[in-house]
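Peer 1: So the protein lines, in turn, are chains V and R. Using this note's numbering, read the first sequence as starting at 30 and increasing by one per residue. Using this note's numbering, read the second sequence as starting at -19 and increasing by one per residue. Idealized CB from N, CA, C, for every residue including glycine.
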Amino acid sequence: MTADQVKRAADAIAAEGTLVAPKVPTGLRRVPGGVDALATEHLVVNMGPQHPSTHGVLHILLELDGEEIIAAEASLGYLHRGIEKLAEHRRYHQIGTLLDRADYVSGFHTEWAYSMAVERLAEIEVPARAEWIRALMSELNRIASHLLWLGTFGMDTGAMGPFLYIMRDREALLDIFETVSGARMMFNYVRPGGVVMDFPLQAEPLIRAFLDTWDGYLDEYHDLLTGNEIFRPRVKGIGVIPRSTAVAFGMTGACLRGSGLPWDLRKTRPYGPYAELDFEVPLGTTGDNWDRYMVRMEEMRWAARLARQLLDGLPEGDFTAKVPKVLRPPAGEVYAAVESPRGELGVHILSDGSDVPYRLRLRSPALFNLSVVDEVLPGSLIADAVVTVGSLDIVLGEIDR
Amino acid sequence: MPPDATALSRTLVSAGVEGAGVSEEALGVLARVPTDAVAGALAALAEDGYSFLVDLFVTDSGEALELTYHLRSFGTDDEVFVRAVAGHGAEVPSVWETHPAALYAEREAAEMFGLSFPGHPNPKRLLTTDEIGEPPLLKSVPLRAHHEVARPGIVRVAPEPSQEDEG
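#1: Flag W331/V as yes if its beta-carbon sits less than 9 Å from any beta-carbon of chain R, otherwise no.
#2: Taking A81/R as the query, report the chain V residues whose CB atoms sit under 8 Å from its CB, ordered along the chain.
#3: Under 7 Å Cβ to Cβ from V134/V, same chain only, skipping five residues before and after it: list those, please.
#4: Measuring alpha carbon to alpha carbon, tell me which of G316/V, G289/V, A350/V, G266/V ends up nearest L410/V.
#5: DSSP three-state call for F37/R: helix, strand or coil?
#6: Could you tell me whether any Cβ in chain R is nearer than 9 Å to the Cβ of L57/V?
#7: In the DSSP assignment, what residue or residues form a beta bridge with D94/V?
#8: Could you tell me the distance, in whole angstroms, from the CA atom of W331/V to the CA atom of G(-4)/R?
#9: Under 8 Å by Cβ, that's how I've got T139/V and D132/V pegged, so tell me the actual separation to the nearest angstrom.
#10: Which residue wins for smallest C-alpha separation from G187/V, given the options L253/V, G408/V, E97/V?
#11: Which chain R residues sit within Cβ distance under 8 Å of G375/V?
#12: Please state the DSSP three-state secondary structure of F192/V.
#13: Give me the chain V residues within the contact set of A6/R, using Cβ-Cβ distance strictly less than 8 Å, ordered along the chain.
#14: Hey, out of G95/V, L235/V, V74/V, whose CA is closest to H88/V's CA?
#15: State the Cα-Cα distance for the pair T47/V and G42/R, rounded to the nearest angstrom.
#16: With 9 Å as the limit, tell me which residues of the stretch 96 to 123 of chain R have their beta carbon closer than that to any beta carbon of chain V; keep them in chain order.
#17: Quick check on H68/R - is its C-beta less than 9 Å from some C-beta in chain C?
#18: Output the distance between the C-alpha atoms of G346/V and L340/V, rounded to the nearest integer angstrom.
#19: Taking M214/V as the reference, which of N170/V, Y303/V, Y364/V has the closest Cα?
#20: Drop a sphere of 10 angstroms on the beta-carbon of M189/V, count the other beta-carbons inside from all chains shown, and report buried for 16 or more, exposed for fewer.
#21: Taking a cut of 8 Å between CB atoms, which residues from the stretch 376 to 395 of chain V lie near chain R?
#22: Measuring CA to CA, which of T78/R, E77/R, D35/R, V(-7)/R is closest to E59/R?
#23: So, under 8 Å CB-CB, D429/V and L107/R are touching, yes? Tell me the CB distance rounded to an integer number of Å.
#24: State yes or no: is the beta carbon of W141/V nearer than 9 Å to at least one beta carbon in chain R?
#25: In whole angstroms, give me the CA-to-CA distance for T55/V and W76/R.
#26: List in chain order: all unbroken beta strand (DSSP E) runs of 3+ residues lying wholly within the stretch 152 to 207 of chain V.
#27: Verify the CB distance criterion: does W292/V have a CB-CB separation below 9 Å to chain R?
#28: So, at 7 Å on beta carbons, what are the nonlocal neighbours of M329/V in its own chain, with the 5 sequence-adjacent residues on each side left out?
#29: May I ask you to report which of helix, strand or coil DSSP gives L72/V?
#30: Roughly how many angstroms separate the alpha carbons of S393/V and L285/V, rounded to a whole number?
#31: Excluding the 5 residues flanking L57/V on each side, which residues of the same chain have their C-beta closer than 7 Å to its C-beta?
#32: Restricting to runs no shorter than 4 residues, where is the alpha helix (DSSP H) found entirely within the stretch 227 to 291 of chain V?
#33: Counting only C-beta atoms, is L67/V closer than 9 Å to chain R at any point?
#34: By the three-class DSSP mapping on this structure, what secondary structure does H1/V have?
#35: Are at least three pairs of beta-carbons, each pair with one atom in the stretch 220 to 240 of chain V and one in the stretch 377 to 386 of chain V, less than 8 Å apart?
#36: Can you find the residues in the same chain that come closer than 7 Å, C-beta to C-beta, to P98/R, ignoring five residues on each side of it along the sequence?
As structure tokens, this is what we get:
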């Protein structure tokens, strides 16, 4: 999808009328009551938890009539570590480490959502430089996260080759993360008040070198996958999620935008420096696997442009506010959310004025995105289920928490 | 864009939701409704455009459980919160028919807090198994277990039941 096509799609949606989401469907295709016992001649098959296309330890029960899926039910919890309970027993500065283990593919986003919530609760003013560094790292993290999705999505459709190229190129991003934060994943770099250490001088040439080659990389992936005669029929028109279904099941992120609803928290609830930046939000039209694929591909292009703007405009100043070693935010309640690669990642904190949160809840975008499988998989073929689940871009660490 | 508290209260009253108190709080516009009126209130709000359930936030205040439904309208671009207070182990009517996003959220709330949601089509556990015992997110459940799980062939000394949670 070129920039023109993206604009046309956005105009078409604006002309059609509406940001207004349609009413919730009155009758779902079937009552999502899960998989029946083996009472009929249908076959119940376990997909996962050790299956290469489940992106972690997802377990889906499929009730099959031949090749066709009659009912589907996700069985979760294999990675449940009780992060929310643990957070009630850790001080505010210690919780970032826990949340890094939730969505381990896009740590900067989870840390930012948590820090934003704490800052609003404790009324901490964050320096502009810190916000720009956070946004810069988040956009690079968005590319890294989408790249991991793209490689595995290619493998879901049977394309082994692109994965190797993608992992090669993702390595450059991980080197950048290591230079800036000291870690390749689970960074604990964004903390309440700012970031833990200043943006290092040697990171800038690394990022510029990556951004200079990035468009070439992306074109290479398009050559490998987008025009592929085997890939296209596997994704076009498959796994259609209508806009009303996407809204009803609480989907966000590229899955919601693939279904044609232009909702991106960076635009609709601007946080950090996003109000000052120039970017567009790619949109799909029908909500099939192809649209979700194209939206993410286009998002990577925009993320690189955003990263360049952020790097060029990085303000001088402090990289963190003065924050006490033991943080005791006043009693209150707050919800803060960021647009993570998977969608709206929210942190809801209830504070009683002590040095630990009374209750902390992570609103996991992938959990709500995944909940749609009970509704969309029935009626499709078992081979398409693999591709459709892949197109949702789930991370089980964040779903199970 | 904050919605109008009086308009929200009018919507709830015209839908026949009794005893709703609407106020503007730090979190946003929040409507407190009785537990048995939750489904009616959410249905009325869905009619009004609030068809997107962002999240279901449950917390244990010690005496009771507070359920907060976070709703969003894409039409008017604003958000409201609906809060109900239920006793421990109480029954809260399921809202999945108007907000299917609650299907997973209610299953999680049920296992984590010991609630039940009559009307839910698939009220199984979502993230935990039956062996976990008491609902883990209740404040009365300590972080550390009183007894270690016995495994065949492995002898372990169980910590004293009186041992305090590390806090």
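Peer 2: In this structure, then:
#1: Residue 331/V sits at position 302 when you count from the first residue of the first sequence. No, no contact with chain R.
#2: Position 101 of the second sequence holds residue 81/R. Here the neighbours are A277, F278, G279, F397, S400.
#3: Indexing the first sequence from 1 puts residue 134/V at position 105. Counting only Cβ-Cβ distances below 7 Å, and skipping sequence neighbours, we find S174, L177, V424.
#4: For the purposes of this step, residue 410/V is taken as the residue at position 381 of the first sequence. It is G266/V whose Cα lies nearest to the Cα of L410/V.
#5: In the second sequence, the residue the question calls residue 37/R occupies position 57. Strand, per DSSP.
#6: Numbered from 1 along the first sequence, position 28 holds the residue referred to as residue 57/V. Its pLDDT being 48, under 50, L57/V is placed unreliably by the model, and the measurement read from it follows with that caveat. Yes, its Cβ sits closer than 9 Å to a Cβ of chain R.
#7: Locating residue 94/V in the first sequence gives position 65, where the first residue counts as 1. Its beta-bridge partners are E97/V.
#8: Within the first sequence, the letter at position 302 stands for residue 331/V. Within the second sequence, the letter at position 16 stands for residue -4/R. Their backbone Cα atoms lie some 48 Å apart in a straight line.
#9: Locating residue 139/V in the first sequence gives position 110, counting from the first residue. Locating residue 132/V in the first sequence gives position 103, counting from the first residue. Rounded, the Cβ-Cβ distance is 5 Å, consistent with contact.
#10: Taking the first sequence and counting its residues from 1, one reaches residue 187/V at position 158. Closest by alpha carbon: L253/V.
#11: Here residue 375/V refers to the residue found at position 346 when the first sequence is read from its first residue. Residues of chain R passing the Cβ test: V34, D35.
#12: Stepping through the first sequence from its first residue, residue 192/V is reached at position 163. Helix at F192/V.
#13: Counting from 1 along the second sequence, the entry for residue 6/R is found at position 26. Going along chain V in sequence order, the residues near A6/R (Cβ under 8 Å) are G361, E362, V363.
#14: For the purposes of this step, residue 88/V is taken as residue 59 along the first sequence, with counting starting at 1. Residue V74/V is the option with its Cα nearest to H88/V.
#15: One-based indexing of the first sequence puts residue 47/V at position 18. One-based indexing of the second sequence puts residue 42/R at position 62. Any reading at T47/V must be qualified, since the residue scores a pLDDT of 47, below 50, and its modelled position is unreliable; the value itself is stated next. So the alpha carbons of these two residues sit roughly 45 Å apart.
#16: P101, N102, K104, R105, L106, L107, T108, T109, P116, L117, K119, V121, L123
#17: No chain C is part of this structure, whose protein chains are labelled V and R.
#18: The residue labelled residue 346/V in the question sits at position 317 within the first sequence. The residue labelled residue 340/V in the question sits at position 311 within the first sequence. Those two C-alpha atoms are separated by around 14 Å.
#19: Here residue 214/V refers to the residue found at position 185 of the first sequence. The shortest Cα separation from M214/V among N170/V, Y303/V, Y364/V belongs to N170/V.
#20: By 1-based counting over the first sequence, the position of residue 189/V is 160. Per the 10 Å Cβ criterion, exposed.
#21: Cβ contacts with chain R come from H377, L379, Y387, R388, R390, R392.
#22: The residue you call residue 59/R lines up with position 79 of the second sequence. E59/R has its Cα closest to that of D35/R, out of T78/R, E77/R, D35/R, V(-7)/R.
#23: Position 400 of the first sequence, counted from the start, is the residue given in the question as residue 429/V. Position 127 of the second sequence, counted from the start, is the residue given in the question as residue 107/R. The pair is a contact, with the Cβ atoms about 6 Å apart (cut-off 8 Å).
#24: Here the question's residue 141/V lines up with position 112 in the first sequence. Answer no: the Cβ-Cβ gap between W141/V and chain R never drops below 9 Å.
#25: Here residue 55/V corresponds to residue number 26 of the first sequence, with the count starting at 1. Here residue 76/R corresponds to residue number 96 of the second sequence, with the count starting at 1. In this prediction, T55/V scores a pLDDT of 46, lower than 50, which makes its location untrustworthy; the coordinate-derived value is nonetheless stated afterwards. In a straight line, the C-alpha of T55/V is about 11 Å away from that of W76/R.
#26: none
#27: Locating residue 292/V in the first sequence gives position 263, counting from the first residue. For W292/V, the answer is yes, since a Cβ of chain R falls inside 9 Å of its Cβ.
#28: As a working note, residue 329/V is residue 300 in the first sequence. Once the five neighbours on either side are set aside, the close Cβ partners of M329/V are I172, H175, L247.
#29: The residue labelled residue 72/V in the question sits at position 43 within the first sequence. Of the three classes helix, strand and coil, the one that applies to L72/V here is strand, per DSSP.
#30: If you number the first sequence from 1, residue 393/V lands on position 364. If you number the first sequence from 1, residue 285/V lands on position 256. S393/V and L285/V have their C-alpha atoms spaced approximately 15 Å apart.
#31: Position 28 of the first sequence, counted from the first residue, corresponds to residue 57/V. Note that L57/V scores a pLDDT of 48, beneath 50, so its modelled location is shaky and nothing firm can be said.
#32: 232 to 250, 260 to 264, 272 to 277, 283 to 287
#33: Start at 1 with the first residue of the first sequence, and residue 67/V comes out as number 38. With a pLDDT of only 48 at L67/V, under the threshold of 50, the placement of this residue in the model should not be trusted; the figure read from the coordinates follows. No Cβ of chain R is located within less than 9 Å of the beta carbon of L67/V.
#34: Because chain V is modelled from 30 through 430, residue 1/V falls outside the range shown and cannot be assessed.
#35: When C-beta atoms of the stretch 220 to 240 of chain V are compared with those of the stretch 377 to 386 of chain V, fewer than three pairs fall below 8 Å, so the two segments do not count as touching.
#36: As a first step, residue 98/R is located in the second sequence; it is residue number 118 there, counting from the start. These residues qualify, in order along the chain: E71, P73, S74.
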